Amino acid sequence: MHPTDFTLRGAIDALNEGTISSVELTNAHLDGIAKLNPRLNAYITVTAEKALAAAKASDERRRQGTVGALEGIPLAIKDLFCTAGTRTTAGSRILDSFVPPYESTVSQNLLDDGAVFLGKANLDEFAMGSSNTTSASGPVENPWSRANDPDTRLVPGGSSGGSAAAVAARLALGATATDTGGSIRQPAAFCGIAGIKPTYGRCSRFGIVAFASSLDQAGPVARTVEDCAILLKSMAGFDPRDSTSADMPVPDFAKACERGVKGLRIGVPKEYRLDGMAPEIVALWEQGLAWLRDAGAETVEVSLPHAKYALPTYYIVAPAEASSNLARYDGVRFGMRVTEPGSDLRDLYERTRAAGFGAEVRRRIMIGTYVLSAGYYDAYYLKAQKVRALIRRDFEQAYEKVDAILTPATPSAAFGMDEKQDDPVAMYLNDIFTVTANLAGLPGLAVPAGLDGQGLPLGLQVIGRAFDEETVFAVGRTLERAANFTALPGLRAGA
Amino acid sequence: MGKPRQIKDFLKKMSLDTATIRRIASLARIRLDESEVQQAQAEINGILGWIEQLQEVETEGVEPMAGGSPVAQARARLRPDVVTDGGQADAILANAPDRQGEYFGVPKVVE
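Top line first, the protein sequences correspond to chains X and A. Each position in the first sequence, counted from 1, maps to that position plus 172 in the numbering used here. Each position in the second sequence, counted from 1, maps to that position plus 61 in the numbering used here.
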């Protein structure tokens, strides 16, 4: 077995049994990155030397008898997490040369548990996108391709496209990601892997480049549900440096994976049966419900009457918060600066931000600026906050009847790199099934569940109650076991 | 404004003109070349037109949701009002595009 084929759980066991060292495991992944990253572009920065030094230190700790929960495990870190001494770009020209002097809480938690960082994963600029085509470091390619059209290069989804592509192509055992409207779950589904956006407040946002602060959450992507559970346990936890971080105990998520679903009630939101939905998506959803019934769950129709307003609500709230958060990129304190001879301070701001931000980021900042501007605040922003409250109330009412909700993860499989690029609204529809969980602050897990007619992965999504990731993991693991998803992408290390 | 009906009619008539696009860019401190104004206008109007469907939702008496998690907010706490950090001028200035001693350099602001 090639070392890059281990699951994260399998690698932990092999390291514990002494059949492989962290240095061997890390080298195998670095070899894979050297071969495949020039094509996939999943990593913006590869920190090979630091990774090997960390792997050596981990093997040494193990010899001394200190073994963290992720001791010696090589991971990719989305380039939205600040890493002390390692360039962090957020996929933007404006942060091209930014080297954070501090470490994000989530990545520090992983380091404290013994993890080894291979490098920084590519993403849509400032996590704004669903195709990973807006990165200043260039697009990421999905390691999967269509069976009958292998030459068309596909997107990995976004914004955590580099994280998902790296994990699917076996260039990391797992990766950190973030999700503001679907940025963990949609790329996970497109790349045939698992990914969870936990409850808002579960992971600290300290040191994560901010996009929309009331929606942003960190979470893991990995090749199995259990691997996600192991990673989330390490990433999560109260942090006094994030005032929205929840001071609640972090359960043993991996243990919860094996709870099963006997007696659980699984909700099926009728509003998610969209007109014109792809028949294979409908069939997969039905199959998922049948699997859960076979495992002892009861499926119940629920209503989320305001779900259809989730995307337009999101496209007010998220740009509004982004326009505020991204005001900090002013060409003065850090990041890029552009001036002309004779530029005054205002001209410095305007030139820096025009040159430093890509088209989608500029567009969202302008939308956000408009919806927050005097005279329009009530009509747009306040209205969106009220609809958001109704969306959340729909879920609260549904959870009086059910324990978790099952939906498709995405409305389609991965699309071509040149498709859907002309119309922003068409691109936004990618998040139609995922965005409600961000607005309501709820946990959502994407699980690979099948293939479409072209041999591309499709995912299902489990949405849970706030701070009940355990039930989400139990449902996800049951689906994973029933789906027995063993298909592999064409581009992968060790192949 | 304030009545849903009025807001709806008001927005229906709304399609941002080029002067408004320039004003938004200016508020956002993003330089917009003349050649970019029309495309920005078309894209932003397209998005705003799509967002407009929110006006059909009845929200009378609904408390707006601010923040990401009422569950976590209910458990939010006040921290002691004390200094917990500081004395890190070098770290703070490490990424400055123009550092002048212990200050950020900017073009002349006051004549």
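Idealized CB from N, CA, C, for every residue including glycine. Keep in mind it's a predicted model, so treat the numbers as computed, not measured.
C-alpha distance - Gln-358 of chain X paired with Ser-495 of chain X, whole-angstrom precision:
Working through the first sequence from its first residue, we reach residue 358 of chain X at position 186. Working through the first sequence from its first residue, we reach residue 495 of chain X at position 323. Each residue's Cα considered, the two are about 24 Å apart.
8 Å Cβ cutoff, Val-164 of chain X in contact with chain A:
Residue 164 of chain X lies beyond the stretch modelled for chain X, which goes from 173 to 667, so this question has no answer here.
Please tell me whether Val-446 of chain X has its Cβ less than 8 Å away from any Cβ of chain A.
Reading the first sequence from its first residue, position 274 is the one you call residue 446 of chain X. Position check: residue 446 of chain X holds Leu in this sequence, whereas Val was assumed. Taking Cβ atoms only, chain A never reaches closer than 8 Å to Leu-446 of chain X, which makes this a no.
So, Ala-287 of chain X versus Ile-245 of chain X, is the Cβ gap smaller than 8 Å?
As a first step, residue 287 of chain X is located in the first sequence; it is residue number 115 there, counting from the start. As a first step, residue 245 of chain X is located in the first sequence; it is residue number 73 there, counting from the start. Contact: yes.
So that I know if they touch, is there some Cβ in chain X lying closer than 8 Å to that of Glu-172 of chain A?
Counting from one through the second sequence, the residue named residue 172 of chain A turns up at place 111. Interface criterion not met: the Cβ of Glu-172 of chain A is under 8 Å from no Cβ in chain X.
When the Cα atoms are used, what is the spatial distance from Arg-395 of chain X to Arg-160 of chain A?
Reading the first sequence from its first residue, position 223 is the one you call residue 395 of chain X. Reading the second sequence from its first residue, position 99 is the one you call residue 160 of chain A. Answer to the nearest angstrom: the Cα atoms are 45 Å apart.
Please list the partners that Ile-537 of chain X has in chain A, where partner means a Cβ-to-Cβ separation under 7 Å.
For the purposes of this step, residue 537 of chain X is identified with residue 365 of the first sequence, where counting begins at 1. Neighbours of Ile-537 of chain X on chain A, chain order: Ala-89, Ile-91.
What residues in the stretch 124–145 of chain A bring their beta carbon closer than 9 Å to a beta carbon of chain B?
As a matter of chain content, chain B is missing from the structure shown, whose protein chains are X and A.
Taking a contact to mean a Cβ-Cβ separation below 8 Å, would you say Arg-431 of chain X touches Asp-575 of chain X in this structure?
Position 259 of the first sequence, counted from the start, is the residue given in the question as residue 431 of chain X. Position 403 of the first sequence, counted from the start, is the residue given in the question as residue 575 of chain X. The answer is no: Cβ separation not under 8 Å.
Could you check where the beta strand (DSSP E) with Thr-348 of chain X kicks off and where it finishes?
For this step, residue 348 of chain X is matched to residue 176 along the first sequence. Counting along the chain, the unbroken beta strand (DSSP E) around Thr-348 of chain X starts and ends at 346–351.
Cβ-based contacts, 8 Å cut-off: residues of the stretch 479–494 of chain X near chain A:
Tyr-481, Pro-484, Thr-485, Tyr-487, Ile-488
Within 8 Å (strictly less), CB to CB, does Thr-120 of chain A reach chain X?
On the second sequence, residue 120 of chain A is found 59 positions in, with the first residue counted as 1. At least one chain X Cβ lies under 8 Å of Thr-120 of chain A.
Is Tyr-553 of chain X helix, strand or coil by DSSP?
Taking the first residue of the first sequence as position 1, residue 553 of chain X is located at position 381. Looking at Tyr-553 of chain X - three-state DSSP - the assignment turns out to be helix.
Unbroken alpha helix (DSSP H) runs of length 4 or more, entirely within the stretch 80–122 of chain A: which are they?
95–112
Between Val-98 of chain A and chain X, is the shortest Cβ-Cβ distance under 8 Å, so that the two count as touching?
Start at 1 with the first residue of the second sequence, and residue 98 of chain A comes out as number 37. By this cut-off, Val-98 of chain A is not an interface position.
What residue from X:Pro-661, X:Thr-261, X:Ser-584, X:Arg-518 has the CA that sits closest to Ile-453 of chain X's CA?
Taking the first sequence and counting its residues from 1, one reaches residue 453 of chain X at position 281. Relative to the Cα of Ile-453 of chain X, the nearest Cα in the group X:Pro-661, X:Thr-261, X:Ser-584, X:Arg-518 belongs to X:Ser-584.
Kindly list the residues whose CB is nearer than 6 Å to the CB of His-478 of chain X, restricted to its own chain and excluding five residues on each side of it in sequence; keep chain order.
Here residue 478 of chain X is taken as the residue at index 306 of the first sequence, counted from 1. Within the same chain, His-478 of chain X has close Cβ partners Leu-562, Ile-563, Asp-566.
Please list the partners that Val-559 of chain X has in chain A, where partner means a Cβ-to-Cβ separation under 7 Å.
Taking the first sequence and counting its residues from 1, the one referred to as residue 559 of chain X is at position 387. Leu-115, Val-118, Thr-120, listed in chain order.
Counting pairs of Cβ atoms below 8 Å between the stretch 201–214 of chain X and the stretch 335–346 of chain X, do you hit three or more?
Yes, since at least three Cβ pairs between the stretch 201–214 of chain X and the stretch 335–346 of chain X fall closer than 8 Å, the two stretches touch.
Output the distance between the C-alpha atoms of Lys-573 of chain X and Gly-636 of chain X, rounded to the nearest integer angstrom.
Against the first sequence, residue 573 of chain X aligns to sequence position 401. Against the first sequence, residue 636 of chain X aligns to sequence position 464. The straight-line gap from Cα to Cα measures roughly 12 Å.
Hey, does Phe-506 of chain X have any beta-carbon neighbour from chain A nearer than 8 Å?
By 1-based counting over the first sequence, the position of residue 506 of chain X is 334. Closer than 8 Å: yes.
Cutoff 6 Å; reference Leu-267 of chain X; Cβ partners in own chain excluding five residues on either side:
Here residue 267 of chain X refers to the residue found at position 95 of the first sequence. Around Leu-267 of chain X: Thr-261, Gly-507.
Expected contact under 8 Å - CB spacing of Asp-177 of chain X and Ala-241 of chain X to nearest Å:
The residue given as residue 177 of chain X occupies position 5 in the first sequence. The residue given as residue 241 of chain X occupies position 69 in the first sequence. So it is not a contact: roughly 22 Å between Cβ atoms.
Let me know the secondary structure DSSP gives Tyr-164 of chain A once reduced to three states.
Reading the second sequence from its first residue, position 103 is the one you call residue 164 of chain A. In the structure shown, the three-state DSSP call for Tyr-164 of chain A is strand.
Counting contacts by CB-CB distance shorter than 8 Å, is Ala-157 of chain A in contact with chain X?
Locating residue 157 of chain A in the second sequence gives position 96, where the first residue counts as 1. Answer yes: the Cβ-Cβ gap between Ala-157 of chain A and chain X drops below 8 Å somewhere.
Where does the unbroken alpha helix (DSSP H) through Ala-186 of chain X begin, and where does it stop?
Taking the first sequence and counting its residues from 1, the one referred to as residue 186 of chain X is at position 14. For Ala-186 of chain X, the enclosing alpha helix (DSSP H) has its first and last residue at 180–189.
Could you tell me the distance, in whole angstroms, from the CA atom of Gly-409 of chain X to the CA atom of Glu-641 of chain X?
Start at 1 with the first residue of the first sequence, and residue 409 of chain X comes out as number 237. Start at 1 with the first residue of the first sequence, and residue 641 of chain X comes out as number 469. Answer to the nearest angstrom: the Cα atoms are 13 Å apart.
How close, in whole Å, do the beta carbons of Leu-290 of chain X and Gly-333 of chain X come, if the pair is a contact with beta carbons under 8 Å?
Translated into the one-based positions of the first sequence, residue 290 of chain X becomes position 118. Translated into the one-based positions of the first sequence, residue 333 of chain X becomes position 161. About 16 Å separates the CB atoms of Leu-290 of chain X and Gly-333 of chain X; that is not less than 8 Å, and the two are not in contact.
Neighbourhood of Ala-621 of chain X by C-beta distance below 7 Å, restricted to the same chain and skipping five residues each side
In the first sequence, the residue the question calls residue 621 of chain X occupies position 449. Here the set comprises Leu-456, Gly-460, Leu-630, Gly-631, Leu-632, Leu-651, Ala-655, Phe-657.
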